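Reviewing the structure listed below.
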Amino acid sequence: MAPRRIIIRNHSSEANLFARRAFIAFAGVLLLLIILFSNVYSLQVNSFEKYQTRSNSNRIKLLPVAPNRGLIYDRNGIILADNKPIYSLAVIPEDVDNLATSIQEISTLLDISADRQEKFFKAAKRKRRFKQIELQPRLSEQQVALFSVNQHKFPGIFIDARLKRYYPFSELTTHNLGYVARINRKDANKLKRQGKFENYAATHGIGKLGIEKYYEELLHGTIGHQEVEINNQGRILRTLSYTPPVQGKDLTLTLDIELQMIAKRALSGKRGAVVAMNPRTGGILAMYSNPSYDGNLFVHGISSKNYKKLLNSKDLPLINRSVQGYPPASTVKPFLALTGLEEKVITESTKIWDPGWYQLEGLPNKYRDWKKWGHGWVNLTKAIEQSCNIYFFDLAFKLGITKISTMMERFGFGDYTGIDIHEESRAIMPSVSWKRARYNKPWYTGETLSVGIGQSYWTVTPLQLTQAITTLVNHGERKVPHFLKAIKEVTLDQEGKAHSSLEDIVYEEQAPLVLKQNKHWDIVLKAMHNTVQKLGATAHAPFKGAKYDAAGKTGSAQVARIKQNEKYDANKTQENKRDNAMFIAFAPYQNPEIVVAVAIENVAKGGGGANAAPVARQIMDQYFGNREITSSIDYSSSQVITTSEQHNHQSHFQESD
Amino acid sequence: MRSSGQDQQKVISIWQKLHIDLPLLLGILSLMTLGLFIVFSAGGQSIDIVYRQAIRLGVAIVVMLAIAQIPPLSYRKWAVPVFILGILLLVAVLLFGHVGKGAQRWLDLGFMKFQPSEIMKLIVPIMIAWFISQDNLPVKISTILWAFILVLIPTLLIARQPDLGTSLLIASSGIFVIFLAGASWKLISICIGLGSAFAPILWMFLMKDYQRQRVMTFLNPEQDPLGSGYHIIQSKIAIGSGGIEGKGWLQGTQSQLEFLPERHTDFIFAVFSEEFGLIGVAVLLAVYLFIVMRGLWIAVNAQHSFTKLLAGSITLTFFVYVFVNIGMVSGLLPVVGVPLPLVSYGGTSMVTLLAGFGMLMAISTHRRFHT
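Residue numbers (the numbering used here), protein chains in the order written: chain L, 1 to 657; chain Z, 1001 to 1371.
As structure tokens, then:
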């Protein structure tokens, strides 16, 4: 050891120095403590509210609770759109002890494809903690049962039930009901614009078409909220409060599903549409467009293969033909006759001579009747019964396009009927101004003649036809076609018990179509009655033996143009260029209860009487059942026309190009 | 009167004989008890964690009481060899140390893992106090320079691990000795000046990326609220939402719902403030102040400059723990891994801390017998 220096220490001065320094240090400690305390004070007192809010927003989450979508019933309470629980297998990976082996085992048990497993693991990598991931959508009942028995072996794996829309009548109702499908970006943007997006926070599907779309707001309901406390990983610990959702309203439609079934059967194998309506209310009894498709496919997200198949089908199943335009052909003759009477161009007894053709003075073209040798002397009633083209060429020529289009627009042609689906077309009611706007060309007199037999540019939808006949049979009282009959209102009484009642929808009265002479209605209606009731009239055969008293009008629309002096032969014409068959009808003749319009595309043989009228007959047979409504008019002594001709009374005509 | 005076004399002498400083012990025990309650609340209300902590506290108290039995002046004999051994161990850590949490801090001795930097927390003040107390006070400049070097060696070795928190504590323990030994104010000002000049160099060359990130986060935690800023933001929310009265024991949502990270260790102060509010904070700070006052009282009354300096340094270093931890948790200082002394859950630092208090008790109770 090195020798140590001897130090002479001044203990008291050292102690004083140390005490001074210790005191300074203590002062420093005190100062720093004051700083700490004032900082905490500022957090806990000055910023208390701010941090309290942030602390609450950390732990409290509002979970949206989707309302159940309202159900849709037919007029007799048969369910058309249901909510069906769909079971899917879901996993919360954090709750599974050994994810890889558990997924392996459950996949073997429930026969889950490797593809699904791969998808699952991909999703598991991206998702937030404690969020469930779907392993297998749409479990079969067998899979559900099998899993339920083995559930205890798979913690963290569970069955997730969710209500999905289900249409029990599948393609029978698709064109009317539309369907519900996943909310896409476009829907989301629209909801945001309308300020409804919040209400859809928990909703997966939205009405895309038909009634589901039109009444989306009624059907959807109002979102509920569950206020929950969560931890830092998002796991729900407890519910703090619960605001239940307001369920969507149940809708009852005017539709009669049995009638709809008949419509489908009557149209099977054909492309076409039928609309049946109650003329007293405007309620649609049946509306069917064939071919149709299964809306359920879209609920679950249609595969691109299936969608392509629908999209590329030459029968165009996606189109609702009930609201698409067809050339009306002779079905509009009663309306034209009425126009003639109103404009005093003709009277009930005005007769013209039909030699089988019509020619405009100074023009070489001959406009031919469907009956080569003509009908001879023809008055209004006979012209309608026999669907005489020459009479209506003459009438149209005398009226001119403007008087025709003005009157037809009053019947609703060329405009929306206002039915409660969005897919409706306005079709075309041609006029001078319309042609100017559309083609920038003047109107030709020859075109007026074509309009006189429901051809040229003129198209009408089967729905417009039903609306127009309704106005006709109601003597000008107009009705808006509609599906919605009643809404189920659920009210809570004082004890909180729910009571439901059906609230019938009352539709607004429409301004009536007033004629100068009320008897004009009856003249035309009687002619339509003759058309069905008179032996040998164009629609007599299809309604032979009917116990109810029907009236109607046939039509056969030319689809392809036929050159001068060429004769139409269905067998030699391409299928998609063959004639369309049209028919309108109502029954009973006195106090009508049902109006029907039928359109069938490209029929092989015959016209409206042979092809379309039987469809209306089947609908009406179903509608009236065993009811017997006999006619007050006796037609037994009426003149007889060779029946062989009535099947082929097409409104073919030739026109100059 | 006389008999009661005799009783008092007798009581004091019992504590004296046991080498226990009663006020210090009461302060320590009250913080420990409080700590157990908060650890229970912060640790997911698991009684297991409380047992484990209680056992650690028991061991630490035994260590404290054992050390209190050793006459403090006898430390001087061991100062140099133990210091050298400590430095060697720190070098060994850097060469063969066990890597954990991105830092090399432990030596794996086979039967236990051992953190030499913890021991240095005690050895450095002993070494510096011994070194300085050989001379008369106030301390001379040359002595200060040597002392600085002695402090710098372990500080830098620990900073290399990297363990910023511990190196900071060790540096301060040495600097406190120098300060208490009467370093001139002129020198202190120069050192502060040099320190500020050194800061950019520290930032540019010596700090690791994650350390720089911590400082950036401290300056603006909201910049990355879900990443590096998450700790401090959640901690401030916990403290702030506690308000004046607090949410009540076991009722703190930030801690019970686990939004707060490191709840039972470094961020336990946030749990405490959330549940006990400003009133609780005031009480807690008062207990800490009491312990510091008692420690400084012991230092001032110590009879040798070595024990004075040692006691002062231990006390002030203890306060550095408190200040750095609360400062960091409440957003005044960047996040540095320093526990809240006597309250935070955790073993190693607790034992070191109580060993320090053992020395304080020794200094307090042995002075009557040693001059």
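Built from N, CA and C at the ideal position, the CB exists for glycine as well.
In this text, all values refer to a predicted model and were calculated from it rather than measured experimentally.
Whose C-beta lies closer than 7 Å to the C-beta of residue i among residues of the same chain, with five residues either side of it excluded?
{"i": "asparagine 576 of chain L", "result": "Asn602"}
{"i": "valine 1215 of chain Z", "result": "Pro1334"}
{"i": "valine 246 of chain L", "result": "Pro67, Gly221, Thr222"}
{"i": "tyrosine 416 of chain L", "result": "Glu424, Arg426"}
{"i": "glutamine 1115 of chain Z", "result": "Arg1105, Trp1106, Thr1348"}
{"i": "aspartate 354 of chain L", "result": "Asp369, Gly374, His375, Gly376, Val378, Cys388, Ile390, Tyr391"}
{"i": "glutamine 324 of chain L", "result": "Ser425, Thr461"}
{"i": "lysine 372 of chain L", "result": "Gly356"}
My output table needs one value for residue i: the three-state DSSP class, helix, strand or coil.
{"i": "glycine 418 of chain L", "result": "coil"}
{"i": "valine 1343 of chain Z", "result": "coil"}
{"i": "aspartate 82 of chain L", "result": "strand"}
{"i": "arginine 1052 of chain Z", "result": "helix"}
{"i": "threonine 203 of chain L", "result": "coil"}
{"i": "glycine 356 of chain L", "result": "coil"}
{"i": "valine 1336 of chain Z", "result": "coil"}
{"i": "aspartate 504 of chain L", "result": "strand"}
{"i": "tyrosine 1230 of chain Z", "result": "helix"}
{"i": "lysine 221 of chain L", "result": "According to the sequence provided, residue 221 of chain L is glycine. The question's lysine does not apply to it. Coil, per DSSP."}
{"i": "valine 460 of chain L", "result": "strand"}
{"i": "lysine 61 of chain L", "result": "strand"}
{"i": "glutamate 361 of chain L", "result": "coil"}
{"i": "phenylalanine 53 of chain L", "result": "Position check: residue 53 of chain L holds threonine in this sequence, whereas phenylalanine was assumed. Note: threonine 53 of chain L maps to helix in three-state DSSP."}
{"i": "asparagine 580 of chain L", "result": "strand"}
{"i": "aspartate 569 of chain L", "result": "coil"}
{"i": "glycine 555 of chain L", "result": "strand"}
{"i": "threonine 445 of chain L", "result": "helix"}
{"i": "methionine 1032 of chain Z", "result": "helix"}
For residue i, which residues in the same chain have their Cβ closer than 6 Å to its Cβ, ignoring the five residues on either side in sequence?
{"i": "leucine 341 of chain L", "result": "His520"}
{"i": "valine 615 of chain L", "result": "Ala266, Val274, Val598"}
{"i": "histidine 647 of chain L", "result": "Residue placement at histidine 647 of chain L cannot be trusted, given a pLDDT of 38 that sits under 50; what the coordinates show is reported in the next sentence. The residues are Gly606, Ala610."}
{"i": "isoleucine 1326 of chain Z", "result": "Phe1269"}
{"i": "serine 1313 of chain Z", "result": "Pro1125, Ser1173, Phe1176, Val1177"}
{"i": "alanine 1060 of chain Z", "result": "Met1350, Val1351, Leu1354"}
{"i": "alanine 612 of chain L", "result": "Ala581, Met582, Phe583, Val598, Ile600"}
{"i": "valine 257 of chain L", "result": "As written in the sequence, residue 257 of chain L is isoleucine, which differs from the valine given in the question. For isoleucine 257 of chain L, where only same-chain residues beyond five positions count, the Cβ hits under 6 Å are Asp74, Ile78."}
How close, in whole Å, do the beta carbons of residue i and residue j come, if the pair is a contact with beta carbons under 8 Å?
{"i": "threonine 666 of chain L", "j": "isoleucine 404 of chain L", "result": "Residue numbering for chain L in the displayed model covers 1 to 657; residue 666 of chain L lies beyond these limits and cannot be assessed."}
{"i": "isoleucine 1373 of chain Z", "j": "alanine 1311 of chain Z", "result": "Past the edges of chain Z, shown from 1001 to 1371, lies residue 1373 of chain Z, and the structure says nothing about it."}
{"i": "leucine 1036 of chain Z", "j": "glutamine 1053 of chain Z", "result": "6 Å"}
{"i": "leucine 1094 of chain Z", "j": "leucine 1157 of chain Z", "result": "7 Å"}
{"i": "alanine 539 of chain L", "j": "threonine 554 of chain L", "result": "5 Å"}
{"i": "glycine 210 of chain L", "j": "asparagine 184 of chain L", "result": "Actually they are not in contact, since the Cβ atoms of glycine 210 of chain L and asparagine 184 of chain L sit about 17 Å apart, beyond 8 Å."}
{"i": "tryptophan 1015 of chain Z", "j": "leucine 1026 of chain Z", "result": "11 Å between Cβ atoms; not a contact."}
Identify, in the order they occur along the chain, each residue of the same chain with its Cβ nearer than 8 Å to the Cβ of residue i, setting aside the five sequence neighbours on each side.
{"i": "serine 637 of chain L", "result": "Residue confidence is low: serine 637 of chain L scores 45 on pLDDT, short of 50, so the model does not pin down where it sits. Its coordinate-derived value is still stated next. Hits under 8 Å: none found."}
{"i": "valine 1091 of chain Z", "result": "Leu1157"}
When every heavy atom of the ligand HEM is checked, does at least one fall within less than 8 Å of the C-beta of residue i?
{"i": "proline 1125 of chain Z", "result": "This structure simply doesn't include the ligand HEM, nor any ligand for that matter."}
**Message:** For the stretch 1340 to 1358 of chain Z against the stretch 1229 to 1245 of chain Z, do three or more pairs of beta-carbon atoms, one drawn from each stretch, fall closer than 8 Å, so that the two count as touching?
**Reply:** Flag = no, the stretch 1340 to 1358 of chain Z and the stretch 1229 to 1245 of chain Z do not touch.
**Prompt:** In the stretch 43 to 55 of chain L, which residues sit with their C-beta less than 8 Å from some C-beta in chain Z, listed in chain order?
**Reply:** Leu43, Gln44, Val45, Ser47, Phe48, Lys50, Tyr51, Gln52, Arg54, Ser55
**Message:** Below 8 Å, how does it come out for the stretch 156 to 176 of chain L and the stretch 191 to 199 of chain L: are there three or more Cβ pairs, yes or no?
**Reply:** no
**Request:** Examine the Cβ distances between the stretch 580 to 598 of chain L and the stretch 267 to 275 of chain L and report whether three or more of them are shorter than 8 Å.
**Result:** Put simply, the stretch 580 to 598 of chain L touches the stretch 267 to 275 of chain L. At least three CB pairs are less than 8 Å apart.
**Item:** the stretch 346 to 359 of chain L / the stretch 293 to 309 of chain L touching (three or more Cβ pairs under 8 Å)
**Value:** Short answer: they don't touch.
**Prompt:** Any residues in the stretch 1126 to 1140 of chain Z with a beta carbon nearer than 8 Å to a beta carbon of chain L? Which ones, in chain order?
**Reply:** Gln1134, Asp1135, Asn1136, Leu1137, Pro1138
**Prompt:** Does the stretch 458 to 465 of chain L touch the stretch 262 to 270 of chain L, meaning 3 or more C-beta pairs lie closer than 8 Å?
**Reply:** no
**Request:** Evaluate the contact criterion for the stretch 1295 to 1308 of chain Z versus the stretch 1263 to 1277 of chain Z: three or more CB pairs, one atom per stretch, below 8 Å.
**Result:** Between the stretch 1295 to 1308 of chain Z and the stretch 1263 to 1277 of chain Z there are fewer than three inter-stretch CB-CB distances shorter than 8 Å, so the stretches are not counted as touching.
**Prompt:** Hey, is the stretch 378 to 391 of chain L in contact with the stretch 330 to 348 of chain L, meaning 3+ C-beta pairs nearer than 8 Å?
**Reply:** yes
**Asked** When you check each C-beta in the stretch 1165 to 1182 of chain Z against every C-beta of chain L, which residues fall closer than 7 Å?
**Response** Phe1179, Leu1180, Gly1182
**Request:** Using a Cβ-Cβ cut-off of less than 8 Å, list which residues of the stretch 94 to 112 of chain L approach chain Z; keep chain order.
**Result:** none
**Request:** Tell me, please, whether the stretch 587 to 595 of chain L touches the stretch 467 to 481 of chain L by the rule of three or more beta-carbon pairs shorter than 8 Å.
**Result:** Taking 8 Å as the limit for Cβ pairs, the verdict is that the stretch 467 to 481 of chain L does touch the stretch 587 to 595 of chain L.
**Prompt:** Along the stretch 12 to 25 of chain L, what residues have a CB closer than 9 Å to any CB found in chain Z?
**Reply:** If the cut-off is 9 Å between Cβ atoms, the stretch 12 to 25 of chain L has Ser13, Glu14, Ala15, Leu17, Phe18, Ala19, Arg20, Arg21, Ala22, Phe23, Ile24, Ala25 near chain Z.
**Request:** Note down, in chain order, all residues in the stretch 1342 to 1369 of chain Z with a beta-carbon under 9 Å from any beta-carbon belonging to chain L.
**Result:** none
**Message:** Please identify, using Cβ separations under 8 Å, the residues of the stretch 226 to 249 of chain L that lie next to chain Z, in order along the chain.
**Reply:** Glu229, Ile230, Asn231, Asn232, Gln233, Leu237
**Item:** chain Z contacts from the stretch 52 to 82 of chain L (Cβ-Cβ distance under 7 Å)
**Value:** Gln52, Arg54, Ser55, Asn58, Arg59
**Prompt:** Would you call the stretch 96 to 111 of chain L and the stretch 132 to 151 of chain L in contact, with 3 or more CB pairs under 8 Å?
**Reply:** yes
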